[in-house]
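S.K.:
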C-alpha cells in the first residue's frame, strides 16, 4: 500500500504474517492462488497458510476493485474525515461517551458495490425473465462505486476471534500514535467486509476532538448522508 493515508501513517505493503514492512513491493511474493496476500519469505507463507486458507480464492475483479477503492478512500482527506466521524458516531451510540482510548477496538465496516446511475440501480430489481430485460445481467457492465453501509463492533475478543496478525497490526499502530503525541487517540482496527469476507484491514486513529466534531456533524446532518464512499469507476 504505497503512499500516505490521510491519517499520516505510511500506506506501505507489509508481510501478511510477520507484519514487517517492505520498502519495495516487488521484494514480496504473492500467494499463487489469490494473488492478494503478500509474504516476505516462503517460511512466512507456510506459517500463515492455516489462517489464510479459508479466505484464499482465485483473483476476483470486483474484489480487487473494492480493495483499490478502499485504499483510495483513505487517501482522500474529505472521505477519510467522514470515515473517522462515522466510526466515532458508531462508538458514541454504543457507549454514550468516548470509550477507553487504551483499549483494543475493532470495528467491521460493511461494504457494498453500489451502481452510480439510478437506472442501473433499479435494473437490478428487475427479474431476468421480464421482457424489458434484454440481456443477462452478466453481459452488461455497470459503473459502480464502493459504499460503507454500517459498522459492527467486534472488539470483544471473547465473542469475536482476532488472530495474532490482526493484533500485531493494532499494537504497531497504537505505538505509532503514542510516538507521535496522540496518546489520547483511540486506535481502531477497521476490517472492511464485502460479501461476508474481510477484503481490507486498516488501523485508524480517532482523537478526542473528532468525537466532539462527530456529535456536531450528527446534529446538522444524518450520518447516512456523510458520503463515505468511493465512486471512481476507473480504478481498475
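Numbering (the numbering used here), first residue to last: 5 to 240.
Each residue gets a CB set at the ideal place from its N, CA and C atoms; glycine is no exception.
Since we're looking at a predicted model, the values are computed, not measured.
1) On the three-state DSSP scale, how would you describe residue 136?
2) At what residues does the alpha helix (DSSP H) containing residue 32 begin and finish?
3) According to DSSP, what are the bridge partners of residue 201?
4) Mind checking residue 18: buried by the 16 CB within 10 Å criterion, or exposed?
5) State the Cα-Cα distance for the pair residue 52 and residue 65, rounded to the nearest angstrom.
6) When DSSP labels each residue in this structure, what does residue 157 get in the three-state scheme?
7) List in chain order: all unbroken alpha helix (DSSP H) runs of 4+ residues lying wholly within the region 66-116.
8) Taking the Cβ atom as the reference point for each residue, do residue 32 and residue 43 lie within a distance shorter than 8 Å?
9) By the 10 Å Cβ neighbour count, where 16 or more other Cβ atoms means buried, how is residue 37 classified, buried or exposed?
10) Could you give the first and the last residue of the continuous alpha helix (DSSP H) run that contains residue 177?
11) Residue range of the alpha helix (DSSP H) that residue 186 falls in?
M.R.: A quick look at the data gives this:
1) Residue placement at residue 136 cannot be trusted, given a pLDDT of 42 that sits under 50; what the coordinates show is reported in the next sentence. Coil.
2) First-last for residue 32: undefined, no H or E at that position.
3) 198
4) buried
5) 24 Å
6) strand
7) 81-99
8) yes
9) exposed
10) 168-183
11) Segment: none, residue 186 is in no alpha helix (DSSP H) and carries neither H nor E.
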